[in-house]
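A short write-up of the structure that comes next.
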Amino acid sequence: MEEGKKDGKRRDVIRLEREAVIPVIKPRLIMKLASLIVFASDRMEFLKLCKRVEYTIRAWYLLQFEDLMQLYSLFDPIYGGRKLEQQHLSSEEIHVLELNFLKYFFQIMEKSNFRLVTDEEINIAQSGQYLLNLPVKVDESKLDKQLFPGYFKDNPHENLPEFSDKYIIFRRGIGIDHTTDYFVMEKLNMILARIWRGFLRVFGLRRLFSKKRIVKSKKDAKETHEASADTEEQGLVVERVRIDNMELSMRNLFGQLTIQEPTFDRMIVVYRQSSTKSQVDRGIFLKHFKNIPLADMEIVLPEKINPGLTPMDWVKFLVSAALGLATLVSSLQMPKADIWVVIAILSALIGYCSKVYFTFQQNIRAYQNLIMQAVYDKQLDSGRGTLLHLCDDVIQQEVKEVIISYFILMEQGKATIQELDQRCEQLIKDKFGVECNFDVEDAVQKLEKLGIVARDTIGSISCVNLKHANEIIGTTTEEIVIRAQQGPAK
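Position 451 of the sequence shown, counting from 1, maps to 451 under full-length UniProt numbering, and the rest follow consecutively.
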């Protein structure tokens, strides 16, 4: 996360690495590319090639997807336990099946361009507030702590988050969420927070009550700096517009405000509930969410504890109450106590206590609304439905990568891997108005596997013509079935 200034104003900016996801739906992509082909006969051959590419890639993944689904049926939280009992498997055999499922699952997540949420992203999320203004914690006693450590021991991953022994979170895609409202209580909290910080600064208590800063190792700092330098040109810069950084003015205080927060387009949470003494729980939960604001990422956490007042809230409350009572007692001990001063102190004390109570109640209602929204609006699917989404995502992305790469080679001639990468990204930007980090290596591997491209001695890639490409792939099973359903030609 970076902060900068623009037009003299402080900005809260996050720089994120652009992901290898083509954000264009496949039908639109194919029809647009086909419209760029001059001759009608070539257009027909291109559309036929697109269908054959999809049918072939789908067939490649069919067996892997079936194995994944079969394995998950044993660990489905609802029916999996019954199926495991019917198999009469030992604990060691079940453990092997668990690891096999996770291995297939992580492969699918990688092919779908999902990434594990890191501690750094969690820290960025917790550094600001959006719609959720209460700290959310996980009841770790309700989560299993054996499944993921066993998998990561045999399959090491870099930059695993602290919570990876209990649950893992994947994310993909970046978006923007806007909310417009008067934010009355939030503005009041912001004003009181600034007064509180001023009070701590005046009395030299700022260091005592400040949150601990996250210290990165030199290695992590160096890696982060190198990554920022490498992705500076390709990175996606998103600004957070928050009430905390709002400029104090009559218009901002009494008018509507629009706040802005980057979102993760898709998030998937994987976890297992802890077992009881009488029964071992083997169910693996998969939760699929959409459009989750970065600062409200906590709403996807599993087994959440009902929030309450934070220790910092209690400290502020008790310190303010003690100061108020001390001032009140000292005023009453004066020879001539001013009744209006006493009333003012009592009013301020009662007002502050009321403010803490009503703010907490409002935050609780907002938290409950967000949780309900996460369940009904933002949760796409769970369990087997999540896996089906992922399987389809893999196929769609692979097909789009192959089609774009072949189209560029067909229209613009042979190219090196770097030139092909740049041309594909430029095509997506020019024709569809979006930017992405094109996964050219994977696309070329698929084209070579299909047998419709070749590399020369200096590494340049070229493709065969459309008609020859269709002949190489050949008639697919799906085409035969479609012809059979249509009946004999009349």
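Think of the CB as a built atom: it goes at the ideal place given N, C-alpha and C, for glycine as much as any other residue.
Annotated three-state conformation of D139 is coil, per DSSP. DSSP places C463 outside any alpha helix (DSSP H); the residue lies instead in the beta strand (DSSP E), whose first and last residues are 461-463. Bounds of any beta strand (DSSP E) do not take in Y182, whose DSSP letter is neither H nor E. Straight through space, the alpha carbons of R242 and M250 are spaced by roughly 17 Å. Between the alpha carbons of E471 and E45 lies a gap of roughly 11 Å. In this structure, M109 sits away from L387, with a CB-CB distance that is not shorter than 8 Å.
Apart from sequence neighbours up to five positions away, the residues of its chain that approach E303 with a beta-carbon distance below 7 Å are V138, D139, K142, L143, ordered along the chain. For F46, the uninterrupted alpha helix (DSSP H) run begins and ends at 40-75, by DSSP.
Buried is the label assigned to I57, since at least 16 other Cβ atoms lie within 10 Å of its Cβ. Judged by DSSP in its simplified three-state form, N291 adopts strand. In this structure, the beta-carbon distance from G80 to S73 falls below 8 Å. The beta carbons of I461 and L427 sit no closer together than 8 Å.
Pairwise C-beta distances place the segment 150-169 in contact with the segment 107-127, as three or more of them are shorter than 8 Å. Spanning the alpha carbons of E411 and I482 requires a straight line of approximately 30 Å.
Counting C-beta pairs with one atom in each stretch, the segment 182-200 and the segment 281-290 have fewer than three that are closer than 8 Å, which means they do not touch. If only uninterrupted beta strand (DSSP E) runs of at least 3 residues are considered, those enclosed by the segment 374-461 are 379-382, 453-455.
By the 16-neighbour rule on beta-carbons within 10 angstroms, S35 is exposed. By the C-beta density criterion, E441 is exposed, having fewer than 16 other C-beta atoms within 10 angstroms. CA-to-CA, the gap between K145 and K103 works out to about 18 Å.
For E239, the enclosing beta strand (DSSP E) starts and ends at 236-240. For R251, the uninterrupted alpha helix (DSSP H) run begins and ends at 250-254, by DSSP.
Between C463 and I452, the beta carbon gap of about 6 Å places them in contact (Cβ cut-off 8 Å).
The straight-line gap separating the alpha-carbon atoms of F264 and I343 is approximately 51 Å. Inter-residue distance for K48 and P293 is about 41 Å (C-alpha atoms, whole angstroms).
In the three-state DSSP reduction, V21 falls in the coil class, being neither helix nor strand.
Around the beta-carbon of N123, fewer than 16 other beta-carbon atoms lie within 10 Å, marking it exposed. Taking C-beta separations shorter than 8 Å and ignoring five residues to either side along the sequence, the partners of F438 in its chain run A20, I22, E401, I404, D421, C424, E425, I428, following chain order.
By the criterion of a C-beta distance shorter than 7 Å, C50 is surrounded in its chain by I30, I403, once the five residues flanking it on both sides are discounted. For T263, the uninterrupted beta strand (DSSP E) run begins and ends at 257-271, by DSSP.
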